[in-house]
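Colleague: Numbered according to mature numbering (1 follows the signal peptide of the UniProt record, and there is no 0), the sequence shown spans residues -35 to -1, 1 to 121.
Glycine is no exception: its CB is placed at the ideal position from the N, C-alpha and C atoms.
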Amino acid sequence: MRPTRPTFRRPAAARTALALTALSLLLAGCGPGTATGSGSVGGSPSAASPSRGCAPPAELGAGDSGRTVCVAVGGVVRVDLDGSEARPWKPLAVSGAGLRATNSGLVLGRGDATGAYRAVAAGTARLASARPLCPTGAGEVSCAGLQEWSLTVVVR
């Protein structure tokens, strides 16, 4: 006969609290912040190296409206807003500093607004577009509402 070991199981509430604590610590390490220190590192960072606190953004779309994203100098921000012939997006408008339009290499569908922007200098830029809330057709009743889309890009 084999000796049995006593088993200890944490209650579900303790396991949940432990998991939430671990998740909070993980997310705190990923959040924005500033680092201070008096040390220096030799050489200069390359333009393509990611800046501290900036993750390269994936392709951004309509669901990203209102977000603020961070991109390192040399990085590229791509936006693809899927529209339709009845509800077309206006071309993307750029204001602020730090971004320069570049060839996105994408084929546009009717009503889409697509763009690619290279981060050329530190700064903050805003991308914006809008489209009708209701489809418009000849001889049909339509509304005058607009769906607005905007994104703030911080270049570091």
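Pick helix, strand or coil for D45, following the three-state DSSP scheme.
Modeller: strand
Colleague: Note down the Cα distance separating G110 from G48, rounded to an integer number of angstroms.
Modeller: 16 Å
Colleague: Relative to the C-alpha of P53, which candidate in L116, G102, V118, V106 has its C-alpha closest?
Modeller: Its Cα nearest to that of P53, the residue G102 stands out among L116, G102, V118, V106.
Colleague: Going straight from the alpha carbon of D45 to that of P22, what length do you get?
Modeller: 13 Å
Colleague: Taking V56 as the reference, which of R43, G40, G80 has the closest Cα?
Modeller: In the sequence as presented, Val is not what sits at residue 56; that position holds Pro. Among R43, G40, G80, the Cα nearest to that of P56 belongs to G80.
Colleague: For N68 and R43, I'd like the C-alpha separation in whole angstroms.
Modeller: Rounded to the nearest angstrom, the gap between the Cα atoms of N68 and R43 is 10 Å.
Colleague: Mind reading off the beta-carbon distance from G28 to G63? Whole number of angstroms is fine, and I expect it under 8 Å.
Modeller: Not really, about 23 Å apart at Cβ, beyond 8 Å.
Colleague: Quick check on DSSP: helix, strand or coil for G28?
Modeller: helix
Colleague: Quick check on this structure: which residue in E113, L98, Q112, E50 has the alpha carbon closest to the alpha carbon of L73?
Modeller: Of the listed residues, the one whose Cα sits closest to L73 is E50.
Colleague: Below 8 Å on the Cβ atoms is my guess for L116 versus R32; work out the distance and round it to an integer in Å.
Modeller: Yes, L116 and R32 are in contact; Cβ-Cβ is about 6 Å, under 8 Å.
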